[in-house]
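Q: So the mapping is simple: my numbering equals the position in the sequence shown, first residue as 1, plus 22.
All C-beta atoms in this analysis are idealised placements derived from N, C-alpha and C, irrespective of residue type, glycine included.
Computed from a prediction, not measured in an experiment: that's the story for all the values here.
I have a structure here, written as C-alpha cells, and I will follow up with some questions on it.
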Amino acid sequence: MPTASTLQEVAREHIKINAKGKGGNTKFTCNHCKREFTGSQTRQLAHLTGTSGSGVAACQHIDGDLRKAIKTEVDRLERVKSGSQASSSHINFSVAEQRPAKRIRQPTIAESLADKKALDTVVAEFFYAHGVPLHLVRSPLFKKMCEAISNSNVTYKGPAYNAMRTDLLDAVKCHVEKDNASWSDHGKNVTGFVLGSDRWTDAQSRPLMNLMLVTPRGTKFVRALDISGNEESAEYIADKMSEVIDEVGPEHITAVIMESASNNVSANEILEERALFKSRSKLFLLKPGDTSCHSAYIAVRRLLRCQNAVRSTVARKEWDEWAAKRDYREEAKVYPECLAIETHIENCTLPEDVRLDVFVIFHKRWNNMHSPLHSVAYMLEPQVQGTDFGAAVRKDFRDGVRRMVETSDEYKAVLSQHAKFTNKEGIYGDEDIMSLTQDDSEHSILTYQFWAEYGQSAL
23 MPTASTLQEV
33 AREHIKINAK
43 GKGGNTKFTC
53 NHCKREFTGS
63 QTRQLAHLTG
73 TSGSGVAACQ
83 HIDGDLRKAI
93 KTEVDRLERV
103 KSGSQASSSH
113 INFSVAEQRP
123 AKRIRQPTIA
133 ESLADKKALD
143 TVVAEFFYAH
153 GVPLHLVRSP
163 LFKKMCEAIS
173 NSNVTYKGPA
183 YNAMRTDLLD
193 AVKCHVEKDN
203 ASWSDHGKNV
213 TGFVLGSDRW
223 TDAQSRPLMN
233 LMLVTPRGTK
243 FVRALDISGN
253 EESAEYIADK
263 MSEVIDEVGP
273 EHITAVIMES
283 ASNNVSANEI
293 LEERALFKSR
303 SKLFLLKPGD
313 TSCHSAYIAV
323 RRLLRCQNAV
333 RSTVARKEWD
343 EWAAKRDYRE
353 EAKVYPECLA
363 IETHIENCTL
373 PEDVRLDVFV
383 IFHKRWNNMH
393 SPLHSVAYML
403 EPQVQGTDFG
413 AAVRKDFRDG
423 VRRMVETSDE
433 YKAVLSQHAK
443 FTNKEGIYGD
453 EDIMSLTQDD
463 SEHSILTYQF
473 WAEYGQSAL
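Below, the structure written as C-alpha cells:
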C-alpha cells in the first residue's frame with residue numbers, strides 16, 4: 023500500500039463513496055466485503071482496521087497483513103496530525119512504517135498454492151521433529167483445529183504451556199464428559215447399544231482385542247485387551263465382554279457383534295446364556311434330545327416357565343407394560359389412516375417416479391404386516407361403530423372370523439351379531455351403553471370388557 027498524505031486518502035483507497043449526507047456522514051461501500059454503511063471518516067477507518075467502539079462491524083474480507091498495514095498508516099497519519107511526530111529519533115517505527123508497503127492485490131492461484139505448500143511444510147516440520155504419528159492428519163479433530171484457526175479473525179499464536187496443563191485441560195474434560203453423557207443417555211433411553219469387538223496385532227506382534235459400544239450417534243471405544251495366551255479361549259473372551267455388559271447393564275445391550283472365528287462363535291453362545299438370559303432367569307433353557315420324545319416335552323415345559331425372561335430378552339419392557347393394559351383403542355384410530363395412505367399417495371404432488379417408489383414401498387410393507395385379524399379388531403371397535411369400512415376391510419373381517427370359529431353356525435352367528443352392532447340395533451343402539459367405550463367417559467371400559475359383557479346380548 024503506497025504512503026498516503028491524509029487519512030482521507032487511506033479510506034478512499036479501500037471504500038467507494040455512494041452519496042454524501044449532512045454533518046460529514048456519507049454512504050459508503052467497502053471494496054473488499056461489498057457491504058454498505060453510513061458514517062463519517064472515523065467509521066470508514068474503523069471498518070477497515072477492525073477498531074471496536076465505533077458502531078461499525080470490521081471487514082471480514084481483509085487479511086491480517088493488509089489490516090496491519092492500514093492500521094500502521096492510520097496511526098502514522100494521526101501522529102502527524104496531532105503534531106506528535108516532531109522527530110523520528112524519538113519514535114520506534116516498525117518496518118512497515120519505515121518503508122512504503124506494496125499495494126495489496128488478490129493472489130493468483132499459483133501464489134495461493136505456494137502459500138499453502140509453505141504452511142504445509144511448517145506443519146510437517148512439527149510432526150517430524152516431535153515424532154507425531156502421521157495418521158493424525160486424518161483425525162477429524164485435526165481438521166477441526168485447522169478450520170478453526172483458518173476462520174479466526176485473530177492472529178493466533180497457540181495456547182500457553184500453563185493453560186494447556188490447567189484451564190484448557192479442565193475445559194476439554196468437561197466438554198468430553200458432557201458429550202459422553204448425552205451419547206450414553208441416548209443409547210440407554212432410545213436406541214440401546216451394540217457391543218462390538220475387533221481383533222488385531224500391534225507392532226510387537228501381540229494379539230489385541232478392541233471392545234466398542236455402537237449407537238446411531240457414533241462409536242465409543244471402551245478398552246483394548248492384550249489377549250496373549252488366551253486367543254483361542256472362548257471362556258476368556260466371554261468373560262471380558264461380560265464385564266462391559268455388566269458395566270452398561272444387560273437391559274441396554276441389543277446385540278453383540280464379533281468376527282466369525284470359531285472361538286468367537288463359542289464365546290457368543292456363552293454370552294447368550296450368561297448375559298442376555300441368565301440375568302433375567304434363574305433357570306436355563308433346555309434343548310430337546312435327538313431320540314427321546316420325553317425331552318421335547320421337558321424342553322417345552324421349561325420354555326413356558328421361562329417365557330417372561332425370554333420375552334424381556336427380545337422385547338422392551340414398555341411393550342409388556344402396554345400389552346398388559348390391553349387397551350387397543352388407539353390402534354382403531356390409526357388403522358383407518360393406514361388404509362387411507364394409498365389414496366394419499368395417489369393424490370400427492372410428488373414427482374411421478376418418486377410417487378411410484380413410495381407406492382411400491384408402502385405395498386410391500388402393508389403386505390408383510392397386514393393380517394385379516396387387524397380388520398377384525400378394527401370393525402369390532404365400538405368407537406368406529408357405523409363406519410363405512412369398505413369392501414376390502416369387510417372381506418378381511420369375514421376371512422378373519424372364519425379362521426377363529428369352528429362351525430358354520432358359529433360363523434353365521436358372529437356375522438349376524440356384527441350386523442346388529444353395525445346398524446345400532448337392540449342393545450347396540452343404547453347411547454348409555456355405547457358411551458361406556460368413549461375415552462372421555464368417567465366410567466370408560468376397554469373394548470374387550472365391552473364385548474365380554476355385551477357380546478352375548480345379541481345372540
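If you drop the 5 nearest sequence neighbours on each side, which residues of the same chain put their C-beta closer than 7 Å to that of H465?
A: Excluding sequence neighbours, H465 sits near L458.
Q: With E207 as the anchor, note down where its alpha helix (DSSP H) starts and where it stops.
A: Checking the sequence, you will find Asp at residue 207 rather than Glu. Note, D207: alpha helix (DSSP H), 189-208.
Q: Exposed or buried, what is I275 when buried is set at 16 or more other beta-carbons lying within 10 Å of its beta-carbon?
A: Counting Cβ neighbours within 10 Å, I275 comes out buried, since at least 16 surround it.
Q: State the beta-bridge partners of V96 as determined by DSSP.
A: None, per the DSSP bridge assignment.
Q: From R6 to K195, what distance separates their C-alpha atoms?
A: Because residue 6 is not part of the residues shown, which for the chain are 23 to 481, the question remains open.
Q: Based on the DSSP output, what are the partners of A277 in its beta bridges?
A: Answer is V216, bridged to A277.
Q: Give the straight-line distance between the Cα atoms of G209 and N290, rounded to the nearest whole angstrom.
A: Taking the straight line joining both Cα atoms gives about 22 Å.
Q: So, using beta-carbon positions, are C52 and I37 closer together than 7 Å?
A: Yes, Cβ-Cβ distance for C52 and I37 is below 7 Å.
Q: Quick check: G412 and P394, are their CB atoms within less than 7 Å of each other?
A: No, they are not a contact pair.
Q: What residues in its chain sit with their C-beta under 8 Å from that of N252, if we drop five residues either side in the sequence?
A: The residues are Y258, I259.
Q: How would you label H69, buried or exposed, when you count the other beta carbons within 10 angstroms and need 16 or more for buried?
A: The residue is buried, with at least 16 neighbouring Cβ atoms inside 10 Å.
Q: Which residue's Cα is closest to the Cα of E265: L293, T241, A283?
A: Of the candidates L293, T241, A283, the one whose C-alpha sits nearest the C-alpha of E265 is L293.
Q: To the nearest angstrom, how far is the alpha carbon of F164 from that of S255?
A: Answer to the nearest angstrom: the Cα atoms are 39 Å apart.
Q: Are the beta-carbon atoms belonging to A321 and L308 less than 7 Å from one another?
A: Yes, the pair counts as a contact, with Cβ atoms nearer than the cut-off.
Q: Would you mind stating whether T71 and K90 have Cβ atoms separated by less than 7 Å?
A: No. Outside cutoff.
Q: Provide the residue span of the alpha helix (DSSP H) that contains T469, from first to last.
A: Where T469 is concerned, the enclosing alpha helix (DSSP H) stretches over 469-476.
Q: Got a sec, what are the start and stop residues for the alpha helix (DSSP H) V322 sits in?
A: Per DSSP, V322 belongs to the alpha helix (DSSP H) from 315-327.
Q: Considering only C-alpha positions, which residue in the set C315, A80, H152, T28 is nearest to V102?
A: Closest by alpha carbon: T28.
Q: Thinking C-beta only, is K242 closer than 7 Å to L233?
A: No, the pair does not count as a contact, with Cβ atoms beyond the cut-off.
Q: Following the continuous beta strand (DSSP E) through V244, name the residue where it begins and the one where it ends.
A: Residues 240-248.
Q: Less than 7 Å separating the beta-carbons of I363 and F384?
A: Contact flag set, yes.
Q: Note down, in chain order, each residue of its chain lying with its Cβ closer than 7 Å to the Cβ of C55, except the 5 sequence neighbours on either side.
A: If we look at C55 and ignore the five residues flanking it on each side, its Cβ neighbours are C81, Q82, H83.
Q: So for N173, helix, strand or coil by DSSP?
A: In this structure, N173 counts as helix in the three-state DSSP scheme.
Q: Does DSSP put F411 in a helix, a strand or coil?
A: Coil.
Q: Which one of K42, S282, T73 has the shortest CA to CA distance from V487?
A: With the chain represented from 23 up to 481, any question about residue 487 goes unanswered, as that position is not in the structure.
Q: Based on DSSP bridge pairs, tell me the residues matched to G61.
A: Answer by DSSP bridge pairing, in chain order: T48.
Q: By the 10 Å Cβ neighbour count, where 16 or more other Cβ atoms means buried, how is S334 classified, buried or exposed?
A: The residue is buried, with at least 16 neighbouring Cβ atoms inside 10 Å.
Q: For I267, count neighbouring C-beta atoms within 10 Å of its own C-beta (all shown protein chains included) and say buried if the count is 16 or more, exposed if not.
A: Classification of I267: buried, given that the 10 Å Cβ count is 16 or more.
Q: Does DSSP classify T444 as helix, strand or coil?
A: Three-state result, T444: helix.
Q: Would L402 be called buried (16 or more neighbouring beta carbons within 10 Å of its own) or exposed?
A: The residue is buried, with at least 16 neighbouring Cβ atoms inside 10 Å.
Q: From S282 to S219, what distance separates their C-alpha atoms?
A: Between S282 and S219, the C-alpha separation is close to 11 Å.
Q: Need the endpoints of the beta strand (DSSP E) that L230 sits in, please.
A: Taken as a continuous stretch (DSSP letters only), the beta strand (DSSP E) holding L230 covers 229-237.
Q: Based on the DSSP secondary-structure assignment, which residues constitute the bridge partners of K434?
A: Answer is none; K434 lacks a bridge partner.
Q: Considering only residues of the same chain and omitting the five flanking positions on each side of I455, which have a CB-CB separation below 8 Å?
A: Hits under 8 Å: I449, Y476.
Q: Considering only DSSP beta bridges, list what R221 is partnered with.
A: Looking at the DSSP assignment, R221 forms a beta bridge with M231.
Q: So, helix, strand or coil for N53, using DSSP?
A: In the structure shown, N53 sits in coil (DSSP, three-state: anything other than H, G, I, E or B).
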